[in-house]
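Residue numbers (this note's numbering), protein chains in the order written: chain A, 1 to 244; chain B, 1001 to 1395. Even glycine gets a Cβ: it sits at the ideal position worked out from N, Cα and C.
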């Protein structure tokens, strides 16, 4: 059978287009593409060739060994030098010519320490307006090894969100220590010394079971009948029990 | 802003242009599917719009990638997705779906459809137009009987391939949204299907509008049989579309996942105008009512207005439908970014006026397909004209 004229012509056009694509590909696809993954392997070198801006905290330790040691032992051990002092490769190269700035004003520390409910449990948070106003934070806290000048009394210094939530709930009048036994050391080394947490249903039953001796205004339930197979806090958040 | 949102949710990453993009591809797919009705399913009534629908699809398809380009940080690098295909990325492979649809389906179908006319035009034209048409025929000037038969058969086969391709083209857009697991507003297997049917609705409405308006400008009579048929199809497609959307909606309500609270808050506040007023009432219920009553879709029309009245009602309904479908795209794309993944807060989106991703760009990009269509219609007139008239028009 004779090939129709249309097919022949279209064939030429498509073949030309595909050939053009293949030729373009051979010119345009970078040589090292695909060596390591779906990208140009040489990109690693070209990115590595960018001028360095951050030196890394190990570099600082070579000359500021005292401060480096101090920081490594303190509560800011996880906060690198250049987080506060800015990118300092230039200072490492010429320490006497380039002077790094230091964030001495009050506005800086709250970037990390201002109260924010999305921060993890126990992260030290303060209300910048109410917390010892006007004076710079560094008059009381050493930036390289911050400690509270006095052991905090209130749980809310570190558990701000829980404290705020509880304050609005039906459990507002229950002090934290009714439900948690907190060793004093927890406030000094919180991650090492941990408070207790209620472990069984009977605990809540002390106030909520029928005939319990707790406060009269606590609503009573039949412990045996009220969803017996679950722990209470699988349904009631203890710090805000009305949400189910 | 309201409630709690994560810091990276404050600003929307997918802007108005990303609303425009599925809107435009939807119009392409819809217009093409309308064209294929005539070709494959032999619906003779809509024949007057067959070529117009094809050219419309082409004009919009050419513009479809532009909103994406304008949205990219480095548009000049976009061609790279063709050179180094990434088979694991739905977005990257979309480039190939697009290329397939443009070259293998749409351009080929138009070429086979117009080849005979182009050969004739090349013979009668003079000067550069002669060469233009000759070039467009690719030199395939054989007008013998078997050759014309081949054109016809080829056109039909391409349409047969084209229908699933058009489904793919737009279903794919829905797929990309539907497969974003982390977003409860998007993540739904129904998404591609809903996208597809809304595309068909918007495509039919667009061709209807164009047909009426162009006839008006050319002061030619509108073929009412064709228009009635279009209106009926529009009605049926809308019924399917609305049912699917309701299914999706009821399913979400019944499932009542933890996102339901924030989503209903969003619908009541941020999306009230665009979802309830524009999409549901203006864009769906009112046109459905009018089309149901006046078009011959149900029992040859419940009320039979005069031709004049029906034309007006169809036109108005189609315009409302277009607004409604645009709102659907808005509600999907923008809505999906208005609520926080914490499910506890809503952000706001303010459209810029002049920025690269702003209102002005959007309007230009929306107008561009009509300019392209105008050129296409000049070069490849979609209607049969007595030869003498054409020359008088100076076309």
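Which chain D residues are close to residue i, counting only those with a beta carbon under 9 angstroms from its beta carbon?
i, result
"residue 1147/B", "Absent here is chain D; the protein component of the structure consists of chains A and B."
For residue i, return the contacting residues in chain A, with the cut-off set at a CB-CB distance below 7 angstroms.
i, result
"residue 1140/B", "5, 6 and 9"
Alpha carbons only, please: which of the options is nearest the one belonging to residue i?
i, options, result
"residue 1027/B", "1219/B, 1089/B, 1307/B and 1054/B", "1054/B"
"residue 194/A", "184/A, 38/A and 201/A", "184/A"
"residue 1362/B", "1021/B, 1233/B, 1281/B and 1315/B", "1021/B"
"residue 106/A", "78/A, 96/A, 143/A and 97/A", "143/A"
"residue 229/A", "96/A, 208/A, 216/A and 202/A", "202/A"
"residue 7/A", "1142/B, 1249/B, 1014/B and 1227/B", "1142/B"
"residue 1047/B", "1072/B, 1229/B and 1100/B", "1229/B"
"residue 1064/B", "1024/B, 1091/B, 1224/B and 1176/B", "1024/B"
"residue 207/A", "235/A, 216/A and 200/A", "216/A"
"residue 1033/B", "1088/B, 1308/B, 1196/B and 1264/B", "1196/B"
"residue 1373/B", "1073/B, 1255/B and 1061/B", "1061/B"
"residue 1134/B", "1261/B, 1168/B, 1111/B and 1369/B", "1111/B"
"residue 1322/B", "1031/B, 1010/B, 1008/B and 1006/B", "1031/B"
"residue 1237/B", "1201/B, 1255/B and 1124/B", "1201/B"
"residue 1109/B", "10/A, 222/A, 210/A and 227/A", "10/A"
Would you mind reading off the limits of the alpha helix (DSSP H) that contains residue i?
i, result
"residue 91/A", "89 to 93"
"residue 1114/B", "1108 to 1124"
"residue 122/A", "Note, residue 122/A: premise wrong, no alpha helix (DSSP H); not H, not E."
"residue 1149/B", "1145 to 1178"
"residue 162/A", "160 to 167"
"residue 1229/B", "1224 to 1255"
"residue 1374/B", "1359 to 1379"
"residue 1331/B", "1307 to 1333"
"residue 1010/B", "Per DSSP, residue 1010/B belongs to no alpha helix (DSSP H) and is neither H nor E."
"residue 1289/B", "1286 to 1294"
"residue 1200/B", "1191 to 1217"
"residue 1268/B", "1260 to 1268"
"residue 82/A", "81 to 85"
For residue i, which residues from the same chain have a beta carbon less than 8 angstroms from its beta carbon, with the 5 sequence-adjacent residues on both sides left out?
i, result
"residue 56/A", "80 and 82"
"residue 145/A", "70, 71, 73, 74, 75 and 76"
"residue 1389/B", "Since pLDDT at residue 1389/B reaches only 41, below the 50 mark, its modelled position is unreliable, and no value is offered."
"residue 1040/B", "1156, 1159, 1160 and 1163"
"residue 1355/B", "1361"
"residue 114/A", "125, 126, 127 and 128"
Kindly list, in the order they appear in chain A, the residues whose Cβ is closer than 8 angstroms to that of residue i.
i, result
"residue 1086/B", "38"
"residue 1151/B", "6"
"residue 1134/B", "Those do not exist, as residue 1134/B stays about 12 angstroms from chain A at its closest Cβ, beyond 8 angstroms."
Is any non-hydrogen atom of the ligand MN found closer than 7 angstroms to the C-beta of residue i, if you look at the structure I gave you?
i, result
"residue 1104/B", "Of ligands this structure carries none, so the ligand MN is not represented either."
Can you list, in chain order, the residues of its chain with a C-beta nearer than 7 angstroms to that of residue i? Leave out the 5 residues immediately preceding and following it.
i, result
"residue 169/A", "239, 240, 241 and 242"
"residue 104/A", "136 and 138"
"residue 1052/B", "1207, 1210, 1211 and 1382"
"residue 1165/B", "1100, 1101 and 1105"
"residue 1271/B", "1331 and 1335"
"residue 1194/B", "1174, 1244, 1245 and 1248"
Between residue i and residue j, is the Cβ-Cβ spacing less than 8 angstroms?
i, j, result
"residue 1205/B", "residue 1234/B", "yes"
"residue 1118/B", "residue 1103/B", "no"
"residue 1358/B", "residue 1016/B", "yes"
"residue 156/A", "residue 150/A", "no"
"residue 54/A", "residue 100/A", "no"
"residue 1277/B", "residue 1172/B", "no"
"residue 117/A", "residue 161/A", "yes"
"residue 1259/B", "residue 1343/B", "yes"
Name the chain A residues whose beta carbon is nearer than 9 angstroms to that of residue i?
i, result
"residue 1115/B", "6"
Excluding the 5 residues preceding and the 5 following residue i in the sequence, name in chain order all residues of the same chain whose CB lies nearer than 6 angstroms to its CB.
i, result
"residue 1231/B", "1291, 1295 and 1314"
"residue 1387/B", "Residue confidence for residue 1387/B is low, a pLDDT of 42 falling below 50, so the modelled location carries little weight and cannot support an answer."
"residue 1317/B", "1287, 1290 and 1291"
"residue 1392/B", "At residue 1392/B, the pLDDT of 38 sits below 50, so the modelled position is not reliable; the number obtained from the coordinates is stated separately. Nothing listed; no residue qualifies."
"residue 1394/B", "Per-residue confidence for residue 1394/B stands at a pLDDT of 38, beneath the threshold of 50, marking its modelled position as unreliable; the derived number appears in the next sentence. Same-chain partners within the cutoff: there are none."
"residue 1058/B", "1106"
"residue 1380/B", "1114"
"residue 5/A", "none"
"residue 1310/B", "1294"
"residue 110/A", "128"
"residue 30/A", "40"
List, in chain order, every chain B residue whose beta-carbon is nearer than 9 angstroms to that of residue i.
i, result
"residue 13/A", "1138"
Residues of chain B with a CB under 7 angstroms from the CB of residue i: which are they?
i, result
"residue 251/A", "Nothing about residue 251/A can be reported from this structure: the residues present for chain A run from 1 to 244 only."
"residue 33/A", "1084"
For residue i, return the contacting residues in chain B, with the cut-off set at a CB-CB distance below 8 angstroms.
i, result
"residue 117/A", "1004"
"residue 29/A", "1083 and 1084"
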